[in-house]
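Enquirer:
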Amino acid sequence: MDSFIQISRDHPNFTVFPFFQSKEDIAMLTKANSLGYSIWGIDQEFQMSFPYCLNKVYQSQSINIKARYKGVYDSLKKKWWSPDFELLDSLKKVLKQPAYKDILESIKTSVKIYSEDDNVLRVSEMKGNFFNYYNAVKNTNEKVFFKMGNNHLAKGLNLETSVYDIGNAAFELTQRNKTNYTNVYFMVDIRKRKG
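Residue numbering for the sequence shown follows this note's numbering, beginning at -1 and increasing consecutively.
1) Indicate whether the contact test is met: 3 or more Cβ pairs, each with one atom in the segment 95 to 111 and one in the segment 20 to 40, closer than 8 Å.
2) Whole angstroms are fine: how far does the CA of residue 127 sit from the CA of residue 121?
3) Looking at C-alpha atoms only, which residue of 48, 142, 172 and 31 is the closest neighbour of residue 76?
4) Does the separation of the CB atoms of residue 194 and residue 125 fall below 8 Å?
5) For the alpha helix (DSSP H) containing residue 89, name the first residue and the last one.
6) To the nearest angstrom, report how far apart residue 88 and residue 118 are at their CA atoms.
7) Please name the residue in 169, 145 and 175 whose C-alpha comes closest to that of residue 139.
8) Could you say which of 95, 24 and 115 lies nearest to residue 60 if we only look at CA atoms?
9) Could you give the residue range of the alpha helix (DSSP H) that holds residue 108?
10) What are the partner residues of residue 155, as DSSP defines its beta bridges?
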């Protein structure tokens, strides 16, 4: 939990791992790590961890670039939830590290997804991220456990967004691989009760 707070110290009310916010969630991640599980982030990471990513990108630059782009950096940090794309692009142009260029581009994609409520783009990103991780796995019997909100893991159409979501892609992949897929959907009762 201390590590999560440290990573998100600029914005402690947000988490850099979406859907992992409680002490129990942290305990689950810690246990998974101790057992050698790989943790794949496929949704919302760049939107929620933007301040952390921006700090990492900026702090890894030369003194000269940091001096020239301090104003850009400060402006991006000030409006981190919806950064100006021109500012992101101006910083991206001077970066030498391809991974950091990719991070800034992913931030732009995340902003577009959430500012325009673009579920088709969001699902496309989730599937692309998942299959990038999946294709890198050497063991074809790798087990994958998803923890996500809403109904992204449903087979067929997502009941809310009417798109074929990541759950349907995972189900179809298991059909192709002749493996199993189990979906447990937790529906929280939010009605108020007397007594």
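C-beta atoms are modelled at their ideal positions from N, C-alpha and C, and glycine is treated no differently.
Expert: Let me spell this out:
1) no
2) 10 Å
3) 48
4) A query on residue 194 cannot be resolved here, the shown segment of the chain reaching from -1 to 193 and no further.
5) 83 to 92
6) 28 Å
7) 175
8) 95
9) 96 to 113
10) 162
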